[in-house]
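S.K.:
There are 2 protein chains.
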Amino acid sequence: MLNIGLLGLGTVGTGIVQILEERKQYLENLVKQEINISKVLVKDIDKRRDIKINKEKLTTDIYEIIEDDNIDLIIEVMGGLDKPYHCIKEALNKGKDVITANKAVVAKYLEELTELAKERNKFFLYEASVGGGMPIIKPLKEQININEIQEIKGILNGTSNYILTKMTSDNLDFEDALKISQGLGYAEANPIDDIEGYDTRRKLRILSTIAFKDKIDEENISCYGISSINCDDIRNIKGMNSTVKLLGTAVVNDNKYYANVEPVILNQNSYFGKVDNANNLVSFVGDVVGELRFFGEGAGKFPTANAIVSDLIDITANTYPRNCIWENKNLNNINQLYEGKYYMRITTEKEIKDKIEGYIIDNRITENIIENKDSIAFTTKSISKKKLEKVVETFMINSQDYFIARLEV
Amino acid sequence: MLNIGLLGLGTVGTGIVQILEERKQYLENLVKQEINISKVLVKDIDKRRDIKINKEKLTTDIYEIIEDDNIDLIIEVMGGLDKPYHCIKEALNKGKDVITANKAVVAKYLEELTELAKERNKFFLYEASVGGGMPIIKPLKEQININEIQEIKGILNGTSNYILTKMTSDNLDFEDALKISQGLGYAEANPIDDIEGYDTRRKLRILSTIAFKDKIDEENISCYGISSINCDDIRNIKGMNSTVKLLGTAVVNDNKYYANVEPVILNQNSYFGKVDNANNLVSFVGDVVGELRFFGEGAGKFPTANAIVSDLIDITANTYPRNCIWENKNLNNINQLYEGKYYMRITTEKEIKDKIEGYIIDNRITENIIENKDSIAFTTKSISKKKLEKVVETFMINSQDYFIARLEV
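Residue numbers (the numbering used here), protein chains in the order written: chain A, 3 to 411; chain B, 3 to 411.
Shown next as structure tokens:
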């Protein structure tokens, strides 16, 4: 009998219970043992829930689960950072396999927890931490056994993609689109991780570390979000027959790599440009297999629970792909050298806009001035982003009053 | 030591030898044993080859490989049908694992060879038979452990997709596009399997059988190809702001399914519409995970060899997903009941065209007549395809003188 300790009974935790219940017989035939959720960590035992679950299984005491020698495997879907990290560590130390959906924990402690799991000869799996229901961690780990991955990029955050989709299709302003996405349960009450790109950065950190077989730190991934985008930007971008997406990109060449998260203006009919609502798309390029792309629902109760149950099956059947140890190539970050073409919009007083226009022309930054009315918007030649940051500094523009996106059209 | 018997040293076979050579150390570390291609079946031992290989390993006698008790695993990339089938069967009977890229064999003998492998407790894997380098067989087998698959569709044949891409982008006629694709090595000297849809049908037979956990026979998949498409069709389709792709589609509902291979007219900016050249795209919808899409190069030396080496790693590490036995649901085929909107073009004498125009109006088949000049082309209301076959019969139209595509716009 496989005894599971489930940490968290929110949306995803409930989905896991439902899948394991509904497909109980099939899954037990498959893994040739009984599957039993023996204990569930909750905040409030008496809370009304949508599913039937034996109250005796519920506990508010994490140690009742971690110290229970009958529990073989922990599924962590409680959210947060420090507490789940300690729980996962303790569980591995106690000889339990661990599955988590927690991208914050994985992004911060990937190497440590992977190493610990290896020492204890246990699994530490986290398919649900990136791409929701889309299988991406496992396929990537499989492909790196045959391929050198040269590039990985993705639309990795459902919330920000939903907001950009709504702003574009329904001409909504940012705040209204955000509110709708919160109403649908996509965005958190505090959506900063989604809209500032931090969530995308965590996922890119995880994917690029696996892809490049070297630790790619979050601090080495430059990060711009979408919180300052407005209707003028959407109108300007549409005027370029384009669309805008929050993309995470990491590219390696020789021993150098760059990695960034930023809004990117794309042809509206390109593959990435066509990914709408809360969907995710990840593409990577291997030297043997060429480009592979994976598309799926980036979040949601059942897709996320599906990814966790996939990991559970692999652990129980012992079918998870093996990998050689990370090669620790000590790749050099060259973000500082990266140059691209950009779109920039600044909203400020008329006088300053005119000065900015002079400045960007004098400094040979601009390729095309799109407008100088309500705001000034322009596209650049291929430059370092630092030159745009210099504009902002020079004219003391508030972070909410400008928007920068890379041009990939 | 893992001893491999390689059957065939053509393009894909050569690619396998190269990958195993170049990544020898990594792969041997990974699977914790030496990997040795011990014998290779070829047609001509003295043929000049692009790779260095010890001539003593080459043989023209299949039994020298199959009867060799030191050989643990067979990779079949020789092509054909009867001979590779017998080789695979014999190899499994002799207790060897088998990997094949041969979609014809897999389509015809999937159940028998799967069953035989199971009896012998050996692997019979065929990732390379569908989608080239794109992982699709394994992800699908993983998802069916959690999901009921409701629909699967794909652009599954690189050659026909390349031809349609060239006809559309370069305004080539069919014969010229076919010649270019043959020059690039995509199409066989006899391209009938590609252009008549038979190759797509085989792959759909394989995927839908796995997806629906029931044997979906080729004879239950209706099949139309692209061999009669001409420049008029491309022009008409472009006039509808659309594009045309050869799609395999299988949909199940309750205990009923329909499955077909046919040209489909799609919005040119849709996901399937955007897949160009020899690329493949497969989408399937599960009740838990939602829609997943997989994109990759549909053919080619290294992508195909990549898929085979993936299977090899899974066999050696014993990490291939387990599945419960097919459920043999005895699904009912309802292809006959399927109704859709269609585009049809018929090229014939003026007199007959006018009679056809009268016929399709009288029989309330048509929704819109696109042209009645060089040829007659029209779109239909939602009808059974049989009504269009009736038109062809009634006016005794030669199969090369008409083209039918389903409308999905």
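Note that beta-carbon positions come from the ideal geometry of N, C-alpha and C, so glycine has one too.
Every value quoted in this text rests on a predicted model; they were computed, and no experiment measured them.
Apart from the five residues just before and just after A/Gly-241, which ones in its own chain have a Cβ nearer than 8 Å to its Cβ?
M.R.: Closer than 8 Å at the Cβ level, and outside the excluded window around A/Gly-241, lie Ile-372.
S.K.: Is it true that the CB of A/Val-132 sits closer than 8 Å to the CB of A/Lys-205?
M.R.: Yes; because the gap between Cβ atoms is below 8 Å, this pair is in contact.
S.K.: Whole angstroms is fine: what's the gap from A/Glu-293's alpha carbon to B/Glu-36's?
M.R.: Distance between the alpha carbons of A/Glu-293 and B/Glu-36 is about 29 Å.
S.K.: Taking Cβ-Cβ distances below 9 Å as the criterion, which residues of the region 292-323 of chain B are in contact with chain A?
M.R.: Hits within the stretch, in order: Gly-292, Glu-293, Leu-294, Arg-295, Phe-296, Phe-297, Gly-298, Glu-299, Gly-302, Phe-304, Pro-305, Ala-307, Asn-308, Ala-309, Val-311, Ser-312, Ile-315, Asp-316, Ala-319, Asn-320, Thr-321, Tyr-322, Pro-323.
S.K.: CA-CA distance, A/Phe-214 and B/Phe-297?
M.R.: Near 21 Å, if we compare the C-alpha coordinates of B/Phe-297 and A/Phe-214.
S.K.: Going by alpha carbons, who is nearest to B/Ile-378 out of B/Lys-85, B/Tyr-65, B/Glu-353?
M.R.: Checked all of B/Lys-85, B/Tyr-65, B/Glu-353; the closest Cα to B/Ile-378 is B/Glu-353.
S.K.: Quick one: grab the DSSP three-state call for A/Ala-119.
M.R.: DSSP places A/Ala-119 in helix when its eight states are reduced to three.
S.K.: If we call anything under 8 Å between Cβ atoms a contact, is B/Asn-335 one with B/Tyr-260?
M.R.: For B/Asn-335 and B/Tyr-260, yes; Cβs fall inside 8 Å.
S.K.: What does A/Asn-147 touch in chain B if you count any residue whose Cβ is under 9 Å from its own?
M.R.: Correct list: Arg-25, Tyr-28, Leu-29, Leu-32, Val-311, Ser-312, Ile-315.
S.K.: Taking a contact to mean a Cβ-Cβ separation below 8 Å, would you say A/Cys-233 touches A/Asp-175 in this structure?
M.R.: Going by C-beta atoms, A/Cys-233 is nearer than 8 Å to A/Asp-175.
S.K.: Quick check on DSSP: helix, strand or coil for B/Asn-31?
M.R.: Reduced to three states, the DSSP call for B/Asn-31 is helix.
S.K.: Name the one or two DSSP bridge partners that B/Cys-225 has.
M.R.: Note: B/Cys-225 sits in a beta bridge opposite B/Val-263.
S.K.: Which chain B residues are close to A/Met-326, counting only those with a beta carbon under 8 Å from its beta carbon?
M.R.: Note on residue identity: the sequence assigns Cys, not Met, to residue 326 of chain A. Neighbours of A/Cys-326 on chain B, chain order: Tyr-28, Asn-31, Leu-32.
S.K.: Please list, in chain order, the chain B residues whose beta carbon lies closer than 7 Å to that of A/Val-290.
M.R.: Within chain B, the residues near A/Val-290 are Ile-21, Phe-304, Asn-308.
S.K.: At a CB-CB cut-off below 7 Å, which residues of chain A make contact with B/Tyr-273?
M.R.: In chain order: Lys-276.
S.K.: What residue from A/Lys-375, A/Asp-178, A/Ala-307 has the CA that sits closest to A/Glu-23's CA?
M.R.: For A/Glu-23, the nearest C-alpha among the options comes from A/Ala-307.
S.K.: Going along the chain, which residues of its own chain have a beta-carbon closer than 6 Å to the beta-carbon of B/Glu-153, five neighbours each way excluded?
M.R.: Cβ within range, chain order: Val-253, Val-287.
S.K.: Please go through the same chain and pick out, in chain order, the residues whose beta-carbon is closer than 6 Å to the beta-carbon of B/Gly-227, but skip the five residues on each side of it.
M.R.: Counting only Cβ-Cβ distances below 6 Å, and skipping sequence neighbours, we find Ile-197, Glu-198, Gly-199.
S.K.: Short of 7 Å in beta carbon distance, which residues of its chain neighbour A/Val-394, apart from the five on each side in sequence? Order them along the chain.
M.R.: Tyr-404, listed in sequence order.
S.K.: Helix, strand or coil: how does DSSP classify A/Asn-95 here?
M.R.: Reduced to three states, the DSSP call for A/Asn-95 is helix.
S.K.: For the beta strand (DSSP E) containing A/Arg-408, list its first residue and its last residue.
M.R.: Segment 404-410, the beta strand (DSSP E) holding A/Arg-408.
S.K.: Would you mind stating whether A/Leu-112 and A/Thr-251 have Cβ atoms separated by less than 8 Å?
M.R.: Not closer than 8 Å, so no.
S.K.: Since B/Ser-36 meets chain A, which of its residues come closer than 7 Å, beta carbon to beta carbon?
M.R.: With the sequence shown as reference, residue 36 of chain B is identified as Glu, and Ser is not the correct amino acid for it. Going along chain A, no residue has its Cβ under 7 Å from B/Glu-36, so there is no contact; the nearest lies around 16 Å.
S.K.: In the DSSP output, what is A/Phe-126 paired with across the bridge?
M.R.: Its beta-bridge partners are A/Val-100.
S.K.: Does the region 153-163 of chain A come within contact of the region 266-283 of chain A, defined as at least 3 CB pairs closer than 8 Å?
M.R.: The region 153-163 of chain A, when compared against the region 266-283 of chain A, does touch it at the 8 Å Cβ threshold.
S.K.: Is the region 343-358 of chain A in contact with the region 177-196 of chain B, if contact means three or more CB pairs nearer than 8 Å?
M.R.: Short answer: they don't touch.
S.K.: With 16 other CB atoms within 10 Å as the buried threshold, where does B/Ser-230 fall?
M.R.: Answer is buried; the Cβ neighbour count reaches 16.
S.K.: Using 8 Å as the Cβ pair cut-off and three pairs as the minimum, do the region 381-401 of chain A and the region 15-32 of chain B touch?
M.R.: Short answer: they don't touch.
S.K.: What is the DSSP secondary structure of A/Val-253, counted as helix, strand or coil?
M.R.: Three-state DSSP puts A/Val-253 in a strand.
S.K.: Return the residue from the list A/Gly-187, A/Ile-148, A/Glu-144, A/Val-411 that minimises the CA-CA distance to A/Ile-165.
M.R.: Out of A/Gly-187, A/Ile-148, A/Glu-144, A/Val-411, A/Gly-187 has the C-alpha closest to the C-alpha of A/Ile-165.
S.K.: Judging by CA-CA distance, which residue of A/Arg-25, A/Ile-406, A/Asp-70, A/Asn-163 is the nearest neighbour of A/Leu-248?
M.R.: The shortest Cα separation from A/Leu-248 among A/Arg-25, A/Ile-406, A/Asp-70, A/Asn-163 belongs to A/Asn-163.
S.K.: Comparing alpha-carbon positions, which option in A/Pro-137, A/Gln-184, A/Phe-304, A/Ile-385 lies nearest B/Arg-295?
M.R.: Of A/Pro-137, A/Gln-184, A/Phe-304, A/Ile-385, the residue nearest in Cα terms is A/Pro-137.
S.K.: Our contact map puts A/Asp-135 next to A/Asn-104 with C-beta atoms below 8 Å; I'd like the distance itself, whole angstroms only.
M.R.: Here the sequence assigns Gly to residue 135 of chain A, which means Asp is not the residue at that position. Wrong, their Cβ atoms sit about 16 Å apart, outside the cutoff.
S.K.: Secondary structure at A/Arg-324, three-state DSSP: helix, strand or coil?
M.R.: Of the three classes helix, strand and coil, the one that applies to A/Arg-324 here is coil, per DSSP.
S.K.: Less than 8 Å between the CB atoms is what I'm expecting for B/Ile-310 and B/Ala-130, so what's the real figure, rounded?
M.R.: B/Ile-310 to B/Ala-130, Cβ: 5 Å. Contact.
S.K.: Of the choices A/Gly-300, A/Lys-303, A/Asp-289, whose alpha-carbon is the least far from that of B/Glu-299?
M.R.: When only C-alpha atoms are compared, the closest one is A/Asp-289.
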